[in-house]
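Novice: Take 913 as the starting number for the sequence shown in the numbering used here and just add one per residue. Even for Gly, the Cβ is constructed at its ideal location relative to N, Cα and C.
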Amino acid sequence: MKIIAGAERSRPAFNELLREAEAKRFNVIICKSQSRFCRDLAIVETLINERFAELGIRFIGLSDNTDTAIRENRSYRSLIGIADEIFLQSTSSSIRSVFEKKMSDGEIIASFAKYGYKKDEKDKHHLVVDENVRGVLELIRNLYFKGYGYKKIADYLNEQKIDSPALYKKKQGCKLNIRGNQNFLWCEKTISTILKDKTYIGYVVQGKTQKLSYKSKKRLYMSDDKIYTLKEKHEAIYSEEDFEKIQKIMYERRRASCKTGKAHIFSGILKCEHCGNGMYRKDDNFRCRLHVMDKSKCSVNRIKYEEIESQVLKKINLYIKQYANMEDSIKKFQTNNVISRKVNNLKKQIKNFEKSIENIDHCIKNILILESTDILNDENIKTQIALLQRDKIEKKNEIAILNSELEKLQNADILKKQKEKIFAKYKHLKKLDSNIVQDLIEKITVADTGENRISIDWKF
Ligand SMILES: [Zn+2]
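#1: Return yes when at least one heavy atom of ligand 1 lies under 7 Å from the C-beta of Cys-1200, else no.
#2: Which residues in the same chain have their Cβ closer than 6 Å to the Cβ of Phe-949, if we skip the five residues on either side of it in sequence?
#3: If we ignore side chains and look at the alpha-carbon of each, how far apart do Lys-1343 and Gln-1118 end up?
#4: Quick check: is any heavy atom of ligand 1 less than 7 Å from the C-beta of His-1186?
#5: Do His-1340 and ligand 1 come close, with the Cβ less than 7 Å from some heavy atom?
#6: For Asp-895 versus Gly-1028, is the C-beta distance shorter than 8 Å?
#7: State yes or no: is the C-beta of Phe-1024 within less than 8 Å of the C-beta of Lys-1101?
#8: DSSP three-state label for Arg-1046, please.
#9: What does the alpha-carbon distance come out to for the pair Cys-1086 and Ala-1066?
#10: Let me know if Gln-946 comes out buried or exposed under the rule of 16 or more other beta-carbons within 10 Å of its beta-carbon.
#11: With burial defined as no fewer than 16 other Cβ atoms inside 10 Å of the residue's Cβ, what is the status of Lys-1145: buried or exposed?
#12: Do Asn-977 and ligand 1 come close, with the Cβ less than 7 Å from some heavy atom?
#13: Taking the beta carbon of Tyr-1163 as the centre, do at least 16 other beta carbons fall within 10 Å, making it buried, or is it exposed?
#14: Identify, in the order they occur along the chain, each residue of the same chain with its Cβ nearer than 8 Å to the Cβ of Lys-1183, setting aside the five sequence neighbours on each side.
#15: How big is the Cα-Cα spacing for Leu-1097 and Leu-1069?
#16: Inspect the CB distances between the stretch 1192-1201 and the stretch 1215-1228 and report whether three or more fall short of 8 Å.
#17: Compare the C-alpha of Ile-1074 against each of Phe-1335, Val-1045, Leu-1055 and name the closest.
#18: Are there 16 or more other CB atoms within 10 angstroms of the CB of Asp-1154, so buried, or fewer, so exposed?
#19: May I have the straight-line CA-CA distance separating Gly-1114 from Pro-1077, to the nearest angstrom?
#20: Any idea what DSSP makes of His-1203, helix, strand or coil?
#21: On the DSSP bridge assignment, give the partners of Tyr-1029 in chain order.
#22: Does the Cβ of Leu-1299 have 16 or more other Cβ atoms within 10 Å, making it buried, or fewer, making it exposed?
#23: Got a sec, what are the start and stop residues for the beta strand (DSSP E) Asp-1369 sits in?
#24: Give the DSSP-derived three-state secondary structure of Asn-1347 in the structure shown.
#25: What's the gap between the Cα of Gln-1375 and the Cα of Lys-1267?
#26: Would DSSP call Ile-1149 helix, strand or coil?
#27: Asn-1189: beta carbon under 7 Å from a heavy atom of ligand 1?
#28: Mind checking Thr-1295: buried by the 16 CB within 10 Å criterion, or exposed?
#29: Alpha carbon to alpha carbon, how far is Gln-1234 from Gln-1301? Give it in angstroms, no decimals.
#30: Could you compute how far the alpha carbon of Ala-933 sits from the alpha carbon of Thr-980?
#31: For Leu-1051 and Ser-1104, what's the separation of their Cα atoms in angstroms?
#32: How big is the Cα-Cα spacing for Leu-1202 and Ser-1252?
#33: Go through its chain and collect everything with a Cβ distance to Lys-936's Cβ below 7 Å, but skip five positions before and after it.
#34: When we look at the beta-carbon of Phe-1057 and count the other beta-carbons within 10 Å, is it buried (16 or more) or exposed?
#35: In three-state terms, what does DSSP make of Asn-1197?
#36: What is the DSSP secondary structure of Leu-1142, counted as helix, strand or coil?
This is how it looks when you write it as structure tokens:
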């Protein structure tokens, strides 16, 4: 007996379960409910009703009374599945529209206030300045004006034993969503994020990314017109003039470092494989930040700037080329746009099913008219209607499955177009710059040794 908590499709545990199912290591799955097992109806259909049945695996849902050992249970299970699906779809889109309304009204939807602010006790959608740390934010600004860079500011704050935003939050008793190895120190990224953040001049900026759909964890970056920015929503810590001055200095410094040819274009995305901390640049090398701060916590991990640059460039070109090759071979099979053809096909099928449902409704109505004229005996009518009703449920089932298929395809299409646009821009790349890196790369992980020290997490 094995217990797997909260299995979802993307979770490793779920995959393990499927592997073990294929290996026939068990023959019963007991789950809280069908929807807890998997939220995606199409998957429920193919897994529970088809593949598991083939493998002789019985599925039991405790709270929704589903059981594949009971033959008559199947249409009931489909119905439960559809109800779940419709519920998720509608809650997801209604939650999104509620959030959109809130964002356009300038209400704060994040669960925590940004560093420097706290939620107003009288109105939790409003921010007030957190006087405990106002001074720290002012200090950061003043140091920046004095000519300090992000790293120097971070080092200074660490030396002064000033709590980093993460540590401050932790001390306030907030539960933190910590990725990797968090050391609770100030770093370059924290400083640069603060200095670029319009929250500190009283703006509310929300909705920079949006989830692709309720089924997906992937987030899309929204275009500027979809981002909600509202001015003067709360008290500013930095004045507009200061903010503009900061951005101007940032621009000048970036340009100056570009001229010397040594701009740090990997800022914020370079991570040490051992400890997950950032790598920072000193002269011609990048080194693990944690190693530099505390040698006992992470072994030395050092890489030459040129090595990263040439490897990343090579990898980008290869990645784009592979994608182009794949596209070519797809095009050889099908000259028209594959996705749009599939979409049209699905829409056509959905229409057909809707037509059939209309016909069924029409039939039922006619039977009821016959009933009122006493031509048919009762039993006969009842069976006829029951049959038609069942047929109707099956057709609705099909429509729900097709619709979720359709949504998946349409989402894939949006992502694909974004990807194509960006890839076309960077074909046959000769030199890296920070735009390319920001557009394409989510994260670069650097290992200690080995031929392939660098691995890239792509944005697409
Ligand atoms: Zn490290």
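Specialist: Let me spell this out:
#1: Correct: Cys-1200 has its Cβ closer than 7 Å to ligand 1.
#2: Excluding positions up to five away in sequence, the list reads Cys-943.
#3: Going from the Cα of Lys-1343 to the Cα of Gln-1118 covers about 34 Å.
#4: Yes, the beta carbon of His-1186 sits closer than 7 Å to at least one heavy atom of ligand 1.
#5: Not so, every heavy atom of ligand 1 lies at least 7 Å from the Cβ.
#6: Residue 895 lies beyond the residue range present for the chain, which begins at 913 and ends at 1372; the question has no answer from this structure.
#7: A distance of 8 Å or more separates the beta carbons of Phe-1024 and Lys-1101.
#8: Looking at Arg-1046 - three-state DSSP - the assignment turns out to be helix.
#9: Taking the Cα positions, Cys-1086 is about 23 Å away from Ala-1066.
#10: A residue is called buried once 16 or more other Cβ atoms fall within 10 Å of its Cβ, and Gln-946 is buried on that count.
#11: By the Cβ neighbour-count rule, Lys-1145 is buried, with 16 or more other Cβ atoms within 10 Å of its own.
#12: False, no ligand heavy atom lies under 7 Å from that Cβ.
#13: Exposed is the label assigned to Tyr-1163, since fewer than 16 other Cβ atoms lie within 10 Å of its Cβ.
#14: The residues are Gly-1092, Asn-1189, Gly-1190, Met-1191, Lys-1355, Ile-1356, Thr-1357, Val-1358.
#15: A direct Cα-Cα distance of roughly 9 Å separates Leu-1097 from Leu-1069.
#16: Touching, yes, given that three or more Cβ pairs across the two stretches are closer than 8 Å.
#17: For Ile-1074, the nearest C-alpha among the options comes from Val-1045.
#18: By the neighbour-count criterion, in which 16 or more other beta carbons inside 10 Å mark a residue as buried, Asp-1154 falls on the buried side.
#19: Between Gly-1114 and Pro-1077, the alpha-carbon positions lie close to 19 Å from each other.
#20: Reduced to three states, the DSSP call for His-1203 is helix.
#21: Tyr-1029 is bridged to Val-1041.
#22: Exposure of Leu-1299 is indicated by the presence of fewer than 16 other C-beta atoms within 10 angstroms of its C-beta.
#23: DSSP places Asp-1369 inside the beta strand (DSSP E), whose first and last residues are 1366-1370.
#24: In this structure, Asn-1347 counts as helix in the three-state DSSP scheme.
#25: Nothing can be reported for residue 1375: it is not among the residues displayed for the chain, which extend from 913 to 1372.
#26: DSSP places Ile-1149 in coil when its eight states are reduced to three.
#27: Yes.
#28: Per the 10 Å Cβ criterion, exposed.
#29: Cα-Cα distance, rounded: 51 Å.
#30: If I take the Cα positions, the gap works out to 15 Å.
#31: Approximately 14 Å between the Cα atoms of the pair.
#32: Inter-residue distance for Leu-1202 and Ser-1252 is about 49 Å (C-alpha atoms, whole angstroms).
#33: Cβ within range, chain order: Leu-967.
#34: Counting Cβ neighbours within 10 Å, Phe-1057 comes out exposed, since fewer than 16 surround it.
#35: Correct three-state label for Asn-1197: strand.
#36: Strand.
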